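Student: The structure under discussion is supplied below as structure tokens; questions concerning it will follow.
Here you go:
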């Protein structure tokens, strides 16, 4: 994903392709979910073929020639929006061949998120991806099953579908299945976390990771979010983990900033002062 794209030229190339995607998504009749699936398919092809990656990221080839090559290779295999987005990516410059695949995957997630947004399910998508990533991380048997590369991808996809069927938004199922079948060297729960980063970045939200000893009530959730929004001047999304070991209070992390008001931390500090 783009957090690994560190070069300035790579980020510029991603931004230009993102503009192409957003123009397609602006059409109210656009099938954003299909475009997302097509871009995931392109990502897989780039991952599977060293020759294709090199052909599309070769700085010695003219940008127009690479874009035309994309249209010949992918035309008819994926929809026109995905073809044009991939062509825009090929016209860019990349410090590493893998960066283009990372950018393609990121834009696939953006397209799926756009589908959820226009269907009024974007907050549901964020919540379900967060909860499912935590479920995977906290369930060793499920985590191992999804990490088992000897199992067919179709089996892992079916497992995700059984777990989420009739319980989750279609976009949540789509992204969870992708994370399980094509994790690109990562564990499925980490892939979902990275997808969430893409979605929240697109919505320009701050994400606060909250740890509480008990679940927050709706009123507490709203009050905390409102307080953080006043402090930071931006919309804030709360991802809440329940950990009885903190005993009471809250720990709130936003980026590198941590506000720790948990009882366990206060007790630990008191013990240190007494020991000192």
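In this note's numbering, the protein residues as written are 23 to 298.
Beta carbons: idealized from backbone N, C-alpha and C, even for Gly.
Just so we're clear, the structure is a prediction, and the values are computed from it rather than from any experiment.
With a threshold of 8 Å, are at least 3 pairs of Cβ atoms found where one atom belongs to the stretch 199-210 and the other to the stretch 232-245?
Tutor: No contact exists between the stretch 199-210 and the stretch 232-245.
Student: Would you mind reading off the limits of the alpha helix (DSSP H) that contains residue 131?
Tutor: Taking the chain shown and counting its residues from 1, one reaches residue 131 at position 109. It spans 119-140 - the alpha helix (DSSP H) in which residue 131 sits, taken as one unbroken run.
Student: Quick check: the Cα distance between residue 24 and residue 269, rounded to an integer number of angstroms?
Tutor: Within the chain shown, numbered from 1, the residue matching residue 24 stands at position 2. Within the chain shown, numbered from 1, the residue matching residue 269 stands at position 247. For residue 24, the predicted model reports a pLDDT of 47, less than 50, meaning its position is unreliable and no value from the coordinates is stated.
Student: Could you round the C-beta distance between residue 107 and residue 78 to whole angstroms and report it? I think they count as a contact, below 8 Å.
Tutor: Mapped onto the chain shown, residue 107 falls at position 85. Mapped onto the chain shown, residue 78 falls at position 56. The pair is not a contact, with the Cβ atoms about 13 Å apart (cut-off 8 Å).
Student: On the DSSP letters alone, give me the boundaries of the beta strand (DSSP E) that residue 257 sits inside.
Tutor: On the chain shown, position 235 is the one that residue 257 refers to. Neither: residue 257 is in no beta strand (DSSP E) and is coded neither H nor E.
Student: Which whole-angstrom value is the C-beta distance of residue 165 and residue 209, which I expect to be below 8 Å?
Tutor: Indexing the chain shown from 1 puts residue 165 at position 143. Indexing the chain shown from 1 puts residue 209 at position 187. So it is a contact: roughly 7 Å between Cβ atoms.
Student: If you draw a straight line from the C-alpha of residue 211 to the C-alpha of residue 157, how long is it?
Tutor: For the purposes of this step, residue 211 is taken as the residue at position 189 of the chain shown. For the purposes of this step, residue 157 is taken as the residue at position 135 of the chain shown. For residue 211 and residue 157, the distance between alpha carbons rounds to 8 Å.
Student: Let me check one thing: in DSSP terms, what residues is residue 299 bridge-paired to?
Tutor: Any answer about residue 299 is impossible in this case: the structure gives the chain only from 23 up to 298.
Student: For a quick check, are the C-beta atoms of residue 262 and residue 132 less than 8 Å apart?
Tutor: Locating residue 262 in the chain shown gives position 240, where the first residue counts as 1. Locating residue 132 in the chain shown gives position 110, where the first residue counts as 1. Cβ atoms of residue 262 and residue 132: not closer than 8 Å.
Student: Between the C-alpha atoms of residue 265 and residue 282, what's the straight-line distance to the nearest angstrom?
Tutor: Translated into positions along the chain shown, residue 265 becomes position 243. Translated into positions along the chain shown, residue 282 becomes position 260. Cα to Cα, the separation comes out at about 14 Å.
Student: For residue 227, which residues from the same chain have a beta carbon less than 8 Å from its beta carbon, with the 5 sequence-adjacent residues on both sides left out?
Tutor: The residue you call residue 227 lines up with position 205 of the chain shown. Closer than 8 Å at Cβ, skipping near neighbours: 256, 257, 258, 259.
Student: Taking the straight line between their C-alpha atoms, what separation do you get for residue 119 and residue 181?
Tutor: The residue given as residue 119 occupies position 97 in the chain shown. The residue given as residue 181 occupies position 159 in the chain shown. Cα to Cα, residue 119 sits roughly 32 Å from residue 181.
Student: For residue 97, which three-state DSSP category applies?
Tutor: Taking the first residue of the chain shown as 1, we reach residue 97 at position 75. Residue 97 falls in the strand class under three-state DSSP.
Student: Using only the alpha-carbon positions, how far apart do residue 163 and residue 173 sit?
Tutor: Taking the first residue of the chain shown as 1, we reach residue 163 at position 141. Taking the first residue of the chain shown as 1, we reach residue 173 at position 151. Roughly 14 Å between the two C-alpha positions.
Student: Taking 8 Å as the cut-off, decide whether the C-beta atoms of residue 112 and residue 92 are in contact.
Tutor: To locate residue 112, count along the chain shown from 1; it is residue 90. To locate residue 92, count along the chain shown from 1; it is residue 70. In this structure, residue 92 lies closer than 8 Å to residue 112 by Cβ.
Student: What residue range is occupied by the uninterrupted beta strand (DSSP E) comprising residue 228?
Tutor: Translated into positions along the chain shown, residue 228 becomes position 206. It spans 228-234 - the beta strand (DSSP E) in which residue 228 sits, taken as one unbroken run.
Student: Under the three-state reduction of DSSP, which class applies to residue 69: helix, strand or coil?
Tutor: Counting from 1 along the chain shown, the entry for residue 69 is found at position 47. If DSSP states are grouped into helix, strand and coil, residue 69 belongs with the helices.
Student: Along the chain, which unbroken stretches of the alpha helix (DSSP H) at least 4 residues long are found entirely within the stretch 160-196?
Tutor: If we require 4 residues or more, the alpha helix (DSSP H) runs fully inside the stretch 160-196 come out as 162-169, 175-186.
Student: Would you call the CB atoms of residue 105 and residue 97 closer than 8 Å?
Tutor: Within the chain shown, residue 105 is the residue found at index 83, counting from 1. Within the chain shown, residue 97 is the residue found at index 75, counting from 1. Yes, the Cβ-Cβ distance between residue 105 and residue 97 is below 8 Å.
Student: To which residues does DSSP link residue 303 through a beta bridge?
Tutor: Given that the chain is displayed from residue 23 to residue 298, the structure contains no residue 303 and the question cannot be resolved.
Student: Could you check if residue 240 is buried or exposed, using at least 16 other CB atoms within 10 Å of its CB as the buried criterion?
Tutor: For the purposes of this step, residue 240 is taken as the residue at position 218 of the chain shown. Residue 240 should be labelled exposed.
Student: Since residue 27 is in the alpha helix (DSSP H), which residue starts that stretch and which ends it?
Tutor: As a working note, residue 27 is residue 5 in the chain shown. Careful: residue 27 lies outside any alpha helix (DSSP H) and carries neither H nor E.
Student: Sort 184, 84, 126 by Cα distance to residue 43 and report the nearest one.
Tutor: Taking the chain shown and counting its residues from 1, the one referred to as residue 43 is at position 21. Of the candidates 184, 84, 126, the one whose C-alpha sits nearest the C-alpha of residue 43 is 126.
Student: Distance check for residue 136 and residue 47, CA to CA, integer angstroms please.
Tutor: Translated into positions along the chain shown, residue 47 becomes position 25. Translated into positions along the chain shown, residue 136 becomes position 114. Each residue's alpha carbon lies about 7 Å from the other.
Student: Distance, Cα to Cα, residue 84 vs residue 248?
Tutor: Here residue 84 refers to the residue found at position 62 of the chain shown. Here residue 248 refers to the residue found at position 226 of the chain shown. Whole-angstrom Cα-Cα distance: 51 Å.
Student: For residue 140, which residues of its own chain have a beta-carbon under 8 Å away from its beta-carbon, when the five flanking residues on both sides are left out?
Tutor: Locating residue 140 in the chain shown gives position 118, where the first residue counts as 1. Correct list, in chain order: 50, 54.
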